[in-house]
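**Student:**
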Amino acid sequence: MLDIIVNVGGTSDNPSWPGAALALAKRQSAFVTGLQVVAVCPSLMAIPDVIDVLAAEEQAALARRDWWLQQCRSAGVEGEWEVMRGISAQALAKRSRLADFMIGELKVGDPDAALGGDDVTRALFARSSPMLLVPDLGSHTLQAQRIVIAWNGSGEAAQAVKAALPLLAQASAVRVLDGERGGLPGISPPPLPLRGWFARHGIEAQWQPFPAEHDEGPALLAAARAFDADLLVMGAWGRSRLSELAMGGVTRWMLRNASLPLFLAH
Numbered sequence: 001m002l003d004i005i006v007n008v009g010g011t012s013d014n015p016s017w018p019g020a021a022l023a024l025a026k027r028q029s030a031f032v033t034g035l036q037v038v039a040v041c042p043s044l045m046a047i048p049d050v051i052d053v054l055a056a057e058e059q060a061a062l063a064r065r066d067w068w069l070q071q072c073r074s075a076g077v078e079g080e081w082e083v084m085r086g087i088s089a090q091a092l093a094k095r096s097r098l099a100d101f102m103i104g105e106l107k108v109g110d111p112d113a114a115l116g117g118d119d120v121t122r123a124l125f126a127r128s129s130p131m132l133l134v135p136d137l138g139s140h141t142l143q144a145q146r147i148v149i150a151w152n153g154s155g156e157a158a159q160a161v162k163a164a165l166p167l168l169a170q171a172s173a174v175r176v177l178d179g180e181r182g183g184l185p186g187i188s189p190p191p192l193p194l195r196g197w198f199a200r201h202g203i204e205a206q207w208q209p210f211p212a213e214h215d216e217g218p219a220l221l222a223a224a225r226a227f228d229a230d231l232l233v234m235g236a237w238g239r240s241r242l243s244e245l246a247m248g249g250v251t252r253w254m255l256r257n258a259s260l261p262l263f264l265a266h
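All residue numbers for the sequence shown refer to full-length UniProt numbering, where the first residue is 1 and numbers rise by one.
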């Protein structure tokens, strides 16, 4: 059984956001854990009032268990509710490591998210499980029926593809944007045999060459739109996060501009 965590956060008791995640879990016959982290700021812990506030927030979060279990029953999935107190990114990363992947909301246009400074993207960089991030653009949908893969042969891309296999297996169409570059003959390792791996796992995919461009992020999003994709699978932070922040990069651009859900692994 697939094990999925939904980072519910402190959202109101409104099924519109987690409902998309639960619908996907239903199609995958997955067990779903709703997770809310009560954020701790170590520098403020010496203030007595802060401790009282955290205790109250934790009790309020625990009280949402019945709401979450009702959402699970309505969606026809098995689930549980968990509350963790801690530094948000660390708590998300640690708890997610026993999940197949975590679903969260992407704050498109949030400068902290694009810079890797929000809780979700910092958790990804802290070696969390892979993440499926749904942009906060109007109504939340998570179909995962037309999937595009940004493939460059990197370890991050391979991790993303492996983790997304259950979604790929149920998709109606898969397209690989193949941007893997050849290395030095006789010196560099050969390309990863993704075609053979797909064949062994019963995945039928279309292949499209995707030459590197200066504006790779916009080109990637345009290719996904041309395929009418509803999910983009890609490796994240292929360079160090510091390099991405200093020079820009595909991960940074996609976190700022994504118009479709992203399945990311680092």
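Positions of the beta carbon are idealized from the N, C-alpha and C atoms, including for glycine.
1) Between the Cα of Glu156 and those of Asp228, Pro135, Ser128, spot the shortest distance and give me the residue it belongs to.
2) Would you decide whether Gln59 is buried or exposed? Buried here means 16 or more other CB atoms lie within 10 Å of its CB.
3) Less than 7 Å between C-beta atoms, sequence neighbours within five positions excluded: which residues of the same chain meet that for Val40?
4) Compute the Euclidean distance between the alpha carbons of Thr251 and Leu165, then round it to the nearest angstrom.
5) Is Ala258 near Val108, with beta carbons less than 8 Å apart?
6) Quick one: Cα of Leu231 to Cα of Leu133, how far?
7) Between Asp119, Phe31, Arg225, which has its C-alpha nearest Trp68's C-alpha?
8) Give the range of the alpha helix (DSSP H) segment to which Phe54 is assigned.
9) Quick check: what's the CA-CA separation for Pro211 versus Arg181?
10) From the DSSP secondary-structure annotation, give me the bridge partner or partners of Pro135.
11) Just verifying my parser: in three-state terms, what is the DSSP assignment at Arg225?
12) Do the CB positions of Gln71 and Pro18 come within less than 8 Å of each other?
13) Is it true that the CB of Ala205 sits closer than 8 Å to the CB of Val174?
14) Rounded to whole angstroms, what's the CA-CA distance from Phe101 to Asp119? Just pull it up for me.
15) Give me the Cβ distance between Leu177 and Ala150, rounded to the nearest whole Å; I'm assuming they're in contact under 8 Å.
16) In this structure, does DSSP put Leu2 in helix, strand or coil?
17) By DSSP's criteria, Leu232 is part of a beta bridge. Which residues make up the other side?
**Tutor:** The answer reads as follows:
1) Ser128
2) exposed
3) Result list for Val40: Leu54, Arg85, Gly86, Ile87, in chain order.
4) Computed Cα separation, rounded: 21 Å.
5) yes
6) 10 Å
7) Taking Trp68 as reference, the option from Asp119, Phe31, Arg225 with the minimal CA-CA separation is Phe31.
8) Contrary to the premise, residue 54 reads as Leu rather than Phe in this sequence. Segment 48 to 62, the alpha helix (DSSP H) holding Leu54.
9) 8 Å
10) Bridge partners of Pro135: Leu106.
11) helix
12) yes
13) yes
14) 16 Å
15) Rounded, the Cβ-Cβ distance is 5 Å, consistent with contact.
16) coil
17) Answer is Val148, Leu262.
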